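**Q** Take this structure, written in structure tokens, and hold onto it; I'll ask about it next.
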Amino acid sequence: MGLLLVADIGGTNARFGLVEQVENTRKPVYSASQQITLQCANYKDMASMVKACCAEFKIDIPKFACLAIAGPIEHGVARITNLKWEFSISELRDQLDMKTLHVINDFAALAYAVPFLSNEETTVLYAADPNPKAPIVVMGPGTGFGMALLVPEEDGSWEIIPTEGGHASFAPTTEKELAIKSFLLKQQSHVSVENILSGAGLVNLYRALAHIAGVEAKPYSPADVSTKGLANEDPICREAVVTFCNTLGAVAGDKAVSTGARGGVVIGGGITPKLMSILGETDFEERYKNKGPMKDFVSDIPIRVIVNDKAALVGSAAWLIHKTRELKPA
């Protein structure tokens, strides 16, 4: 079948992989054997980045590809939200002389990877017995906040429902969180989940908490806030990281309740694995379960964290192979 090109394209970095082999087993494993990472800011558009990727691989542009992007796809047009890139999928396919090009939401790709991830590629954050016939919600903070729903079908396959759940409103539940939202509302008309649970959200939390404490905020990056917070080197950074974890627990519970995801909550993205050392010291689990009369419902839903940072490439490969007739295993 030749080489297949898969990608996970966020607002900052783009990971590309070449898939060379499909293991036709009961539970197939899709591995991208060659991988590179490019900085999105170095390219003017998607076509130039794909061409640069293939030049790095020293190959002709493959005929089959699946690109997972951090943004919505509507009516054949894809938009990478934090890059402000917009392109027609069919025009890009023709421009690159591809036979088949799929472009999917990055969290749809992450969701599609979940059935193919090994136990070593996820960590149990909260143990419970999932309902195997119920949906799984996949979510997580990174450059933005992504979310998708994984719905089991009668034939054992999965249907993926991409969402833009990160743009739902942030719902504070403590006086401090109300003050944080009030601070942010002075700068913008809508405070979303993504404004809190993302790299930029960490900085928003730090700036808001510094203002509340009457302390001058320093020009910290998301990495600065997380590093100093985890090391307990700066009390405001520490509080920002703890607030981030508490909010993540609350949002995970909200999404589980609102989607009926009794099959489990799976958290992906680049930030959460780095916070594992502190999550147990926060109110993450309490906030996850604190859903009033639905507490027992949520308490029966397990949470796993994806620790394989290339999981979206696995999902892109699985999507490409399952959705392309010429590539399906016999």
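158 is the number that the working numbering gives to position 157 of the sequence shown; each next residue is one higher, with no gaps. We treat Cβ as the ideally placed atom computed from N, Cα and C, and that holds for glycine. Computed from a predicted structure; not experimentally measured.
Whole-angstrom Cβ separation of residue 79 and residue 109, contact assumed at under 8 Å?
**A** No, residue 79 and residue 109 are not in contact; Cβ-Cβ is about 12 Å, not under 8 Å.
**Q** Since residue 181 contacts residue 203 with CB under 8 Å, what's their CB separation in whole angstroms?
**A** Actually they are not in contact, since the Cβ atoms of residue 181 and residue 203 sit about 12 Å apart, beyond 8 Å.
**Q** Three-state secondary structure (DSSP) at residue 291?
**A** Three-state DSSP puts residue 291 in coil, outside helix and strand.
**Q** Helix, strand or coil for residue 29 per DSSP?
**A** In this predicted model, residue 29 has a pLDDT of only 48, less than 50, meaning its place in the structure is not dependable; the value taken from the coordinates is given anyway. Residue state, collapsed to three classes: coil.
**Q** Using alpha carbons as the reference points, say which of 124, 20, 169 and 115 lies closest to residue 158.
**A** It is 115 whose Cα lies nearest to the Cα of residue 158.
**Q** Within its chain, find whatever has a CB closer than 8 Å to the CB of residue 186; leave out the 5 residues flanking it on each side and keep chain order.
**A** 192.
**Q** Which residues share a DSSP beta bridge with residue 14?
**A** Paired residue(s): 40.
**Q** Excluding five sequence neighbours on each side, which residues of the same chain lie with their C-beta closer than 6 Å to the C-beta of residue 244?
**A** So the list reads 206, once near-sequence residues are dropped.
**Q** Starting from residue 226 and walking both ways along the alpha helix (DSSP H), at which residues does that stretch end?
**A** Element bounds for residue 226: 223-231.
**Q** Measure the C-alpha to C-alpha separation of residue 184 and residue 241 and round it to an integer number of angstroms.
**A** Answer to the nearest angstrom: the Cα atoms are 14 Å apart.
**Q** Within 10 Å of its beta-carbon, does residue 179 have 16 or more other beta-carbons around it, so buried, or fewer, so exposed?
**A** Classification of residue 179: exposed, given that the 10 Å Cβ count is below 16.
**Q** Roughly how many angstroms lie between the CA atoms of residue 34 and residue 223, to the nearest whole one?
**A** Taking the straight line joining both Cα atoms gives about 31 Å.
**Q** Does the Cβ-Cβ distance between residue 4 and residue 63 come in under 8 Å?
**A** Closer than 8 Å, so yes.
**Q** Kindly confirm or deny that the region 161-168 and the region 293-300 touch, where touching means at least three C-beta pairs closer than 8 Å.
**A** Cβ pair count under 8 Å is below three, so no.
**Q** Could you round the C-beta distance between residue 73 and residue 43 to whole angstroms and report it? I think they count as a contact, below 8 Å.
**A** About 24 Å separates the two Cβ atoms, so there is no contact after all.
**Q** Could you check which residue in 217, 161, 212 and 276 has the C-alpha nearest to that of residue 124?
**A** Comparing Cα-Cα distances from residue 124 to each of 217, 161, 212 and 276, the minimum goes to 276.
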